[in-house]
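Chains as they are written, first to last, in the working numbering: chain X, 1 to 258; chain H, 1001 to 1208.
Shown next, in the form of structure tokens:
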């Protein structure tokens, strides 16, 4: 049988999922049984997320708020993953700033994403013991088309003085409009998206940009539960495996075996 | 006890639904295909409902801005009036009627296009500010590549330099494609990890 036919996309996809699950379970249960954090779970420094953590601390002192835009990609399909990552980051933001006078605001361009944002806020306030500070309108839909969402999020971002403005979700190039509006009211604008056009425009418009998969590392870096750290470690291990596969493929092709 | 049972039910529902849809890509069983088809139809219906939920939330938030007067409340009033007029016109005239199409063509489209025009100007300003704010090698590479691609893509009389055009073609076909593929691979891994965390029940955004 031809090797190229055997390595079809469905087979590779299934293999990828199985390998990820095995790696995830390995990092999740073996490494965390040790008292000392394993070397395998030491990640490289991401300046943008480090700055976000610092700005959450400053927000408590200055009484300024934090705004999160989770994009207009919804929760289904490939675009949904970045929005869900944004929600997880929102949860960490609330846990660190639940006692803040000015509560964090979350805007999105999708009804389900907003409902989940409200649930996330509720859970985070409950976990932080500050449920009386919870207000469902902290999670709101800013618009239901990409540009109307950008216009609504621009208003929300410029509405009050902000310590930090975080864009984490699926955006198009219109994300630059939100970043620009936030630049006038926020000390720091950090942006990450799964879309390459959005990343390109945000590189110019935001203070700090999460490039490529860095957005999906947000959970592990914002000190979320061990599941996120194990997931990121599995992701890193898989990346090396893919690099190895690409190099093997190139070598086999050069040798005429593929 | 009920509070504890309900999240477990949601967890089982989410994991089972996701697992069945995912299995359908590899296992070709008629019964599984039927269940998968029903689940996907429900998902499509829910996506439609999400738009409705979004509109209701939007109206509620803007209504609050009017009844609890605060800065910018006049924009919320304009938004609500525009919504009511559009809703009535589309309800009476149907979504494909001439008045509905007029609203889309002569109000919504120009407004969104003007935002796109603002975006172009804003990006030029943002790049200029980036050079001042972060004058490092990555910024220079970014700005230099953008200028080179713009110059090579512009057909000005007497400005057709073959070397610039060849350089542009090489940049687009080699480093840009390689970089984009690298970024997409990373994003793909992130998407897979996020999806599998939900399927494994490690992430439960629905767990209230």
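All C-beta atoms, glycine included, are put in the ideal place defined by N, C-alpha and C. Predicted, not measured: the structure shown is a model, and the values here were computed from it.
Cutoff 8 Å; reference residue 1020 of chain H; Cβ partners in own chain excluding five residues on either side: As a working note, residue 1020 of chain H is residue 20 in the second chain. The answer, listed in chain order, is 1032, 1035, 1036, 1039.
Identify every run of the alpha helix (DSSP H) within the stretch 1124-1183 of chain H, keeping only runs that are complete inside it and at least 4 residues long; order them along the chain. 1137-1153, 1162-1171
Interface residues of chain H around residue 194 of chain X at Cβ under 8 Å? The residue you call residue 194 of chain X lines up with position 194 of the first chain. Correct list: 1187, 1190, 1191.
Give the residues of chain H in contact with residue 150 of chain X, contact being defined as C-beta atoms less than 9 Å apart. If you number the first chain from 1, residue 150 of chain X lands on position 150. Within chain H, the residues near residue 150 of chain X are 1115, 1119.
Closest Cα partner of residue 1202 of chain H within the set X/15, X/10, X/25, X/110: Counting from one through the second chain, the residue named residue 1202 of chain H turns up at place 202. Minimum Cα distance to residue 1202 of chain H is reached at X/25.
Quick one: Cα of residue 1050 of chain H to Cα of residue 111 of chain X, how far? Taking the second chain and counting its residues from 1, one reaches residue 1050 of chain H at position 50. Taking the first chain and counting its residues from 1, one reaches residue 111 of chain X at position 111. Approximately 5 Å between the Cα atoms of the pair.
Quick check on the burial criterion: 16 or more other C-beta atoms within 10 angstroms. Buried or exposed for residue 190 of chain X? Residue 190 of chain X sits at position 190 when you count from the first residue of the first chain. By the 10 Å Cβ count, residue 190 of chain X comes out buried.
To the nearest angstrom, how far is it from the Cα of residue 1060 of chain H to the Cα of residue 1179 of chain H? Start at 1 with the first residue of the second chain, and residue 1060 of chain H comes out as number 60. Start at 1 with the first residue of the second chain, and residue 1179 of chain H comes out as number 179. Computed Cα separation, rounded: 44 Å.
Using a Cβ-Cβ cut-off of 7 Å, state whether residue 180 of chain X counts as contacting chain H. As a position in the first chain, residue 180 of chain X is number 180, starting the count at 1. Taking Cβ atoms only, chain H reaches closer than 7 Å to residue 180 of chain X, which makes this a yes.
Go through the stretch 139-167 of chain X residue by residue and report every complete run of the beta strand (DSSP E) that reaches 3 residues or more, in order. 139-141
Who are the neighbours of residue 1064 of chain H on chain X, taking C-beta pairs under 7 Å? As a first step, residue 1064 of chain H is located in the second chain; it is residue number 64 there, counting from the start. Those are 137, listed as they occur along chain X.
Selection from H/1185, H/1200, H/1135 that minimises the alpha carbon distance to residue 240 of chain X: Your numbering for residue 240 of chain X matches position 240 in the first chain. Checking every option, the nearest Cα to that of residue 240 of chain X belongs to H/1185.
For residue 1009 of chain H, count the other beta carbons within 10 Å of its own beta carbon; 16 or more makes it buried, fewer makes it exposed. Which is it? Here the question's residue 1009 of chain H lines up with position 9 in the second chain. Exposed: under 16 other Cβ atoms inside 10 Å.
By how many angstroms is the C-alpha of residue 1112 of chain H removed from the C-alpha of residue 117 of chain X? Position 117 of the first chain, counted from the first residue, corresponds to residue 117 of chain X. Position 112 of the second chain, counted from the first residue, corresponds to residue 1112 of chain H. The alpha-carbon atoms of residue 117 of chain X and residue 1112 of chain H are separated by roughly 26 Å.
In DSSP terms, what residue 209 of chain X is bridged to: Numbered from its first residue, the first chain carries residue 209 of chain X at position 209. According to DSSP, residue 209 of chain X bridges with X/191.
Between residue 273 of chain X and residue 65 of chain X, how many whole angstroms is the CB-CB distance? I'm expecting something under 8 Å. This structure cannot speak to residue 273 of chain X, because chain X is shown only from 1 to 258.
Quick check on residue 1138 of chain H: buried or exposed, where buried means 16 or more other Cβ atoms within 10 Å of its Cβ? Your numbering for residue 1138 of chain H matches position 138 in the second chain. Residue 1138 of chain H comes out exposed.
Looking at the structure shown, is residue 66 of chain X part of a helix, part of a strand, or coil, going by DSSP? For the purposes of this step, residue 66 of chain X is identified with residue 66 of the first chain, where counting begins at 1. Strand.
For residue 1147 of chain H, is the classification buried or exposed, using 16 other Cβ atoms within 10 angstroms of its Cβ as the cut-off for buried? Mapped onto the second chain, residue 1147 of chain H falls at position 147. By the 10 Å Cβ count, residue 1147 of chain H comes out exposed.
Pairwise C-alpha distance: residue 1143 of chain H and residue 1162 of chain H: The sequence position of residue 1162 of chain H within the second chain is 162, counting from 1. The sequence position of residue 1143 of chain H within the second chain is 143, counting from 1. Whole-angstrom Cα-Cα distance: 21 Å.
According to the Cβ coordinates, are residue 141 of chain X and residue 114 of chain X closer than 7 Å? Counting from one through the first chain, the residue named residue 141 of chain X turns up at place 141. Counting from one through the first chain, the residue named residue 114 of chain X turns up at place 114. Going by C-beta atoms, residue 141 of chain X is nearer than 7 Å to residue 114 of chain X.
Counting pairs of Cβ atoms below 8 Å between the stretch 1192-1201 of chain H and the stretch 80-93 of chain X, do you hit three or more? yes
Would the stretch 199-206 of chain X and the stretch 167-186 of chain X be scored as touching if the rule is three or more Cβ pairs under 8 Å? yes
Leaving aside the five residues before and after residue 62 of chain X along the sequence, list all residues of the same chain whose C-beta is less than 7 Å from its C-beta, in chain order. On the first chain, residue 62 of chain X is found 62 positions in, with the first residue counted as 1. For residue 62 of chain X, where only same-chain residues beyond five positions count, the Cβ hits under 7 Å are 163.
Let me know the secondary structure DSSP gives residue 85 of chain X once reduced to three states. Translated into the one-based positions of the first chain, residue 85 of chain X becomes position 85. Residue 85 of chain X falls in the helix class under three-state DSSP.
Of all the options X/76, X/257, X/53, X/169, which has the alpha carbon lying nearest to the alpha carbon of residue 202 of chain X? Here residue 202 of chain X refers to the residue found at position 202 of the first chain. The candidate whose alpha carbon is nearest that of residue 202 of chain X is X/169.
Terminal residues of the beta strand (DSSP E) in which residue 108 of chain X lies: The residue given as residue 108 of chain X occupies position 108 in the first chain. Here the beta strand (DSSP E) through residue 108 of chain X covers 105-108.
Alpha carbon to alpha carbon, what distance is there between residue 1012 of chain H and residue 1003 of chain H? Working through the second chain from its first residue, we reach residue 1003 of chain H at position 3. Working through the second chain from its first residue, we reach residue 1012 of chain H at position 12. Low local confidence applies: a pLDDT of 49 at residue 1003 of chain H is under 50, so the model's placement there is unreliable, with the coordinate-based value given in what follows. For residue 1003 of chain H and residue 1012 of chain H, the distance between alpha carbons rounds to 15 Å.
Taking 7 Å as the threshold (C-beta atoms), are residue 236 of chain X and residue 1187 of chain H in contact? For the purposes of this step, residue 1187 of chain H is identified with residue 187 of the second chain, where counting begins at 1. For the purposes of this step, residue 236 of chain X is identified with residue 236 of the first chain, where counting begins at 1. No, they are not a contact pair.
Using a Cβ-Cβ cut-off of less than 7 Å, give me the residues of the stretch 63-97 of chain X that come near chain H, in sequence order. 74, 76, 78, 81, 84, 85, 87, 88
Pick helix, strand or coil for residue 237 of chain X, following the three-state DSSP scheme. One-based indexing of the first chain puts residue 237 of chain X at position 237. Correct three-state label for residue 237 of chain X: helix.
With 16 as the cutoff for other CB atoms within 10 Å, does residue 1095 of chain H come out buried or exposed? If you number the second chain from 1, residue 1095 of chain H lands on position 95. Flag for residue 1095 of chain H reads exposed.
Compare the C-beta of residue 112 of chain X against all C-beta atoms of chain H and say whether one is closer than 7 Å. Taking the first chain and counting its residues from 1, the one referred to as residue 112 of chain X is at position 112. It does; some Cβ of chain H falls within 7 Å.
For the alpha helix (DSSP H) holding residue 176 of chain X, just list the boundary residues, first then last. Position 176 of the first chain holds residue 176 of chain X. Run containing residue 176 of chain X: 175-185, per the alpha helix (DSSP H) assignment.
Proximal residues of chain X, C-beta to C-beta of residue 1197 of chain H below 7 Å: Counting from 1 along the second chain, the entry for residue 1197 of chain H is found at position 197. Chain X residues near residue 1197 of chain H: 227, 231.
For the stretch 1164-1172 of chain H and the stretch 40-58 of chain X, state whether three or more C-beta atom pairs, one from each stretch, are separated by less than 8 Å. no
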